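Undergrad:
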Amino acid sequence: MKLYINLLLLLCAVLCSTPGVSQKRKRTDTPSLAGVKSREAEFYFTEAEKYFILEDYSKALDYYQKVLEINPENATVHYKIADVLSRGNRTDDMLRASVSIEQALKLERKNKYFYLLGANIYMGLSRHERAAQLFEGMLHEVPNTQEYLYELAVIYQYAGKPEEAIKAYNRAETFFGINETSSLQKQRLYLELGKTKEAITEGEKLLQAFPDEERLATGVAENLSQYNFKTQAITLLEKFTADNAVAPHASMFLAGLYRDTNQEDKARKLLRNVFDDPEVDLTNKLVVLSAYNEELNQLRSKNATDPAKETFALELLAHLKNNYPDEPNVFILGGDLYLAVGKNNEAREEYQKAVQSGEVNFEVWQNLLYIEMQAGNWNAVISHTEKALEYYPNQAMLYYFRGTAFLQRRNYRDAIGTLEQSKKLAAANPAMTAEINSMLGDAYNAVKDYAKSDMAYEDALAFNPNNDVVLNNYSYFLALRKANLERAEKLAAQLIRDHPDNPTYLDTYAWVLYARQKYKEARKVMERFISGGQANATHFEHYGDILFQLGEVATAVKQWEKARQLLQAPSEALNKKIADRKLYE
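If you want it as structure tokens, here you go:
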């Protein structure tokens, strides 16, 4: 009821221009036509406003249109129709809105909200010049609207009229004085126009008005730097920092400009002071050190180094660690930096501190686990993946790391379960799925689930037929089982074609040929392998087996004896072969 009363009060103002409403009627038993129409218009407007408040704009529009049929000269109703139509995204509605707002402005030229809505509609239609015209009209017709000069300047920029935008900012300054908004925007516009002298003058004018404002000095310098006037920016900041003893942010930006212009010594001198300055927030310091980290990573990707840069970056890190001893972001960046310079142990320590401090982003866990994987620290991988999965339970990579660690620890059942989960989560990543299948092939083979092992290997090869690890392991295990030997020989032969001198692959190929009873061919391949000087006990034992099958028993026994000498632990099976001078398979 209260809402309805308020709407009726609004109607008194909105519909006062309806014929007959403002005139006192003579008493009569029969209501006049004008009075009926007035009450009808009031009802429709009330309904329109109700639905407008309820955001049922379609019904609101219908009722506004009914009001307009009764009183087509009502500027406010034209405005409301334009407002409703402009709330959609359809171009047709925006065009209709532009017609309505133009009609409203024709009927009423002193209402600033009409101009503002009109400008907004034309901006939506990308008719920037008409939007600017409406702002100019408002400034001319409506008193005390000078604050909109800033928006007018922006519209001129959208319209591609930078000179007019500058004029608008100048007009604003006549009312509001020199200020950050107008000065910095004018400077950018002058730079876009190639008017360097005017841009520098504009910056100087701002700093003369606010000589101690570090933020403004940095803003002016940023503008100059953005348009590649770094020398002028350096000159400005050198003067400012000389005149203002405490200017950490200006010094930080100046250091960046020194770096951009290959004045590294000057930059480092400034940065040493800035990194110990508590007035400079940690975020800015992290940004600077991150830039060094990125540069070092780029050098590393090119197999290049810069010892001086590495030393200085680590020096800055030491400042941060000293000043922010418990800050996780310092731990994380420290880990990244140590990793970039090849100090993996130190990187691991920093990452461990980071993950112990609480929840960190996934990349931190990933880097930590990569380091531990490279070091073969499988127990740590298992422990850390368990913790990481509490935060990231749907990350396939964590299960991959964990499954790899279980596999290396010969905990095959856990490896299978973990890798299968990783495979489910990595379904959208064929390359990762293939890698997981490769390891599942190994794990299933270890538990003698050969059907699943073969399937996993075949799936891996379906994605990449040239996967050397799969070709080697799959063919070798088939040979050991004496299963599908034709397939095994084909896979092993492919390896040797691609890697004719690889000792591991030569051994595999020899063993496959042995399993196929191609003993003479196996002998040639094995002798080629042994001549490379990388044979171990297993290889000599295999060689002895091949020779035995060729009937060279004495020579075979000698190879078995060589194998026994290389063993670190006794082998009953090998001892029996030597003692009995007989092959047992």
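Okay, so the sequence shown: first residue is 12 according to this note's numbering, each after it adds one. Just so it is clear, CB atoms sit at the ideal spot from N, CA and C, and this is done for glycine as well. Quick caveat: nothing in here was measured; it's all calculated off a predicted structure.
Given Ala-426, which residues of its chain have a CB within under 6 angstroms of its CB, disregarding the five upstream and five downstream residues?
TA: By 1-based counting over the sequence shown, the position of residue 426 is 415. So the list reads Gly-414, Phe-417, Leu-418 and Ala-454, once near-sequence residues are dropped.
Undergrad: Taking a contact to mean a Cβ-Cβ separation below 8 angstroms, would you say Phe-559 touches Lys-573 in this structure?
TA: On the sequence shown, residue 559 is found 548 positions in, with the first residue counted as 1. On the sequence shown, residue 573 is found 562 positions in, with the first residue counted as 1. No.
Undergrad: Three-state secondary structure (DSSP) at Tyr-75?
TA: Against the sequence shown, residue 75 aligns to sequence position 64. Helix at Tyr-75.
Undergrad: Considering only C-alpha positions, which residue in the set Asp-223, Ala-232, Leu-265 and Glu-225 is nearest to Thr-212?
TA: Counting from one through the sequence shown, the residue named residue 212 turns up at place 201. With distances taken between Cα atoms, Thr-212 lies closest to Ala-232.
Undergrad: For the putative contact between Lys-631 and Ile-447, defined by C-beta atoms under 8 angstroms, what is the C-beta separation to the nearest angstrom?
TA: This structure gives no information on residue 631, because the portion of the chain shown stretches from 12 to 596.
Undergrad: Pick out whichever of Tyr-201, Lys-364, Glu-203 and Leu-127 has its Cα sitting closest to the Cα of Gln-144.
TA: Numbered from its first residue, the sequence shown carries residue 144 at position 133. Closest option to Gln-144, Cα to Cα, is Leu-127.
Undergrad: How is Ala-590 classed by DSSP in three states: helix, strand or coil?
TA: Counting from one through the sequence shown, the residue named residue 590 turns up at place 579. Reduced to three states, the DSSP call for Ala-590 is helix.
Undergrad: According to DSSP, simplified to helix, strand and coil, what is Leu-599?
TA: Because the chain is modelled from 12 through 596, residue 599 falls outside the range shown and cannot be assessed.
Undergrad: Looking only at C-alpha atoms, which of Leu-235, Gln-114 and Ser-137 sits nearest to Gln-198?
TA: Residue mapping note: residue 198 aligns to position 187 of the sequence shown, counting from 1. Residue Leu-235 is the option with its Cα nearest to Gln-198.
Undergrad: Count the other CB atoms, across all protein chains shown, that sit within 10 Å of the CB of His-89; report buried if there are 16 or more and exposed otherwise.
TA: Along the sequence shown, one-based indexing puts residue 89 at 78. It counts as buried.
Undergrad: Roughly how many whole angstroms lie between the Cα atoms of Leu-502 and Leu-482?
TA: Here residue 502 refers to the residue found at position 491 of the sequence shown. Here residue 482 refers to the residue found at position 471 of the sequence shown. Spanning the two alpha carbons is a distance of roughly 6 angstroms.
Undergrad: Nearest-angstrom Cα distance between Glu-58 and Glu-215?
TA: Reading the sequence shown from its first residue, position 47 is the one you call residue 58. Reading the sequence shown from its first residue, position 204 is the one you call residue 215. The alpha-carbon atoms of Glu-58 and Glu-215 are separated by roughly 58 angstroms.
Undergrad: Considering only C-alpha positions, which residue in the set Arg-182, Lys-241 and Arg-141 is nearest to Tyr-159?
TA: Translated into the one-based positions of the sequence shown, residue 159 becomes position 148. Tyr-159 has its Cα closest to that of Arg-182, out of Arg-182, Lys-241 and Arg-141.
Undergrad: Should Asn-190 and Asp-223 be called a contact, given that it needs their Cβ atoms to be closer than 8 angstroms?
TA: Position 179 of the sequence shown holds residue 190. Position 212 of the sequence shown holds residue 223. No; because the gap between Cβ atoms is not below 8 angstroms, this pair is not in contact.
Undergrad: From Asp-94 to Leu-217, what distance separates their C-alpha atoms?
TA: Locating residue 94 in the sequence shown gives position 83, where the first residue counts as 1. Locating residue 217 in the sequence shown gives position 206, where the first residue counts as 1. Roughly 40 angstroms separates the two Cα atoms.
Undergrad: Could you give the C-beta distance for Pro-514 and Phe-474, rounded to a whole number, given that I count them as a contact under 8 angstroms?
TA: Along the sequence shown, read from residue 1 onward, the residue named residue 514 stands at position 503. Along the sequence shown, read from residue 1 onward, the residue named residue 474 stands at position 463. No, Pro-514 and Phe-474 are not in contact; Cβ-Cβ is about 27 angstroms, not under 8 angstroms.
Undergrad: Quick check: Phe-286 and Lys-277, are their CB atoms within less than 8 angstroms of each other?
TA: In the sequence shown, residue 286 corresponds to position 275, counting from 1. In the sequence shown, residue 277 corresponds to position 266, counting from 1. The answer is no: Cβ separation not under 8 angstroms.
Undergrad: Hey, Val-366 and Lys-398: beta-carbon distance below 8 angstroms or not?
TA: For the purposes of this step, residue 366 is taken as the residue at position 355 of the sequence shown. For the purposes of this step, residue 398 is taken as the residue at position 387 of the sequence shown. Yes; because the gap between Cβ atoms is below 8 angstroms, this pair is in contact.
Undergrad: Let me make sure I understand the geometry here. Which of Gly-135, Tyr-468, Leu-436 and Leu-136 has the alpha-carbon closest to that of Met-679?
TA: A question about residue 679 goes unanswered here, because the residues of the chain that appear run from 12 up to 596.
Undergrad: First and last residue of the alpha helix (DSSP H) that includes His-550?
TA: The residue labelled residue 550 in the question sits at position 539 within the sequence shown. Per DSSP, His-550 belongs to the alpha helix (DSSP H) from 548 to 560.
Undergrad: Please classify Gln-114 as buried or exposed, where buried requires at least 16 neighbouring CB atoms within 10 angstroms.
TA: Numbered from its first residue, the sequence shown carries residue 114 at position 103. That one is buried.
Undergrad: Quick check on the burial criterion: 16 or more other C-beta atoms within 10 angstroms. Buried or exposed for Phe-186?
TA: For the purposes of this step, residue 186 is taken as residue 175 along the sequence shown, with counting starting at 1. Exposed, since its Cβ has fewer than 16 Cβ neighbours within 10 Å.
Undergrad: Between which two residues does the alpha helix (DSSP H) holding Ile-393 run?
TA: Sequence index remark: in the sequence shown, residue 393 carries index 382 (1-based). Unbroken alpha helix (DSSP H) run through Ile-393: 389 to 402.
Undergrad: What do you get for Arg-508, buried or exposed, if any count of 16 or more other CB atoms within 10 angstroms of its CB means buried?
TA: Residue numbering aside, residue 508 sits at position 497 when the sequence shown is read from its first letter. Its Cβ having fewer than 16 others within 10 Å, Arg-508 is exposed.
Undergrad: Using 8 angstroms as the threshold, is the C-beta distance between Glu-500 and Val-523 below it?
TA: Taking the sequence shown and counting its residues from 1, one reaches residue 500 at position 489. Taking the sequence shown and counting its residues from 1, one reaches residue 523 at position 512. Yes; because the gap between Cβ atoms is below 8 angstroms, this pair is in contact.
Undergrad: What is the DSSP secondary structure of His-260, reduced to helix, strand or coil?
TA: Sequence index remark: in the sequence shown, residue 260 carries index 249 (1-based). Helix.
Undergrad: List the whole-angstrom C-beta distance separating Phe-264 from Leu-248, where the pair is believed to meet the contact cut-off of C-beta under 8 angstroms.
TA: Numbered from its first residue, the sequence shown carries residue 264 at position 253. Numbered from its first residue, the sequence shown carries residue 248 at position 237. With a Cβ gap of about 7 angstroms, Phe-264 and Leu-248 count as contacting.
Undergrad: Which complete alpha helix (DSSP H) runs does the stretch 59 to 103 hold, if anything under 4 residues is left out?
TA: Runs of the alpha helix (DSSP H) inside the stretch 59 to 103: 68 to 81 and 86 to 96.
Undergrad: Quick one: measure Cβ to Cβ for Leu-344 and Asn-372, integer angstroms, because I've assumed they're closer than 8 angstroms.
TA: On the sequence shown, residue 344 is found 333 positions in, with the first residue counted as 1. On the sequence shown, residue 372 is found 361 positions in, with the first residue counted as 1. Contact flag wrong, Cβ pair sits at about 12 angstroms.
Undergrad: Can you tell me which of Ala-210, Thr-207, Ser-301 and Asp-337 puts its alpha carbon nearest to the alpha carbon of Lys-320?
TA: To locate residue 320, count along the sequence shown from 1; it is residue 309. Checking every option, the nearest Cα to that of Lys-320 belongs to Ser-301.
Undergrad: Using only CA atoms, which one of Leu-310, Glu-431 and Gly-428 lies nearest to Ala-351?
TA: Here residue 351 corresponds to residue number 340 of the sequence shown, with the count starting at 1. The shortest C-alpha separation from Ala-351 is found at Leu-310.
Undergrad: Note down the Cα distance separating Gln-432 from Tyr-410, rounded to an integer number of angstroms.
TA: The residue labelled residue 432 in the question sits at position 421 within the sequence shown. The residue labelled residue 410 in the question sits at position 399 within the sequence shown. Cα to Cα, Gln-432 sits roughly 7 angstroms from Tyr-410.
Undergrad: Quick one, are the C-beta atoms of Asp-271 and Lys-250 less than 8 angstroms apart?
TA: As a working mapping, residue 271 is identified with position 260 in the sequence shown. As a working mapping, residue 250 is identified with position 239 in the sequence shown. Not closer than 8 angstroms, so no.
Undergrad: Using the three-state DSSP reduction, which class does Glu-224 fall into: helix, strand or coil?
TA: As a first step, residue 224 is located in the sequence shown; it is residue number 213 there, counting from the start. Reduced to three states, the DSSP call for Glu-224 is coil.
Undergrad: Inspect the beta-carbon positions of Gly-387 and Tyr-362 and report whether they are closer than 8 angstroms.
TA: In the sequence shown, counting from the first residue as 1, residue 387 sits at position 376. In the sequence shown, counting from the first residue as 1, residue 362 sits at position 351. No, these two residues do not count as a Cβ contact at 8 angstroms.
Undergrad: Cα-Cα, which of Phe-412, Asp-556, Glu-162 and Ser-111 is closest to Asn-378?
TA: Sequence index remark: in the sequence shown, residue 378 carries index 367 (1-based). Nearest of Phe-412, Asp-556, Glu-162 and Ser-111 to Asn-378, Cα basis: Phe-412.
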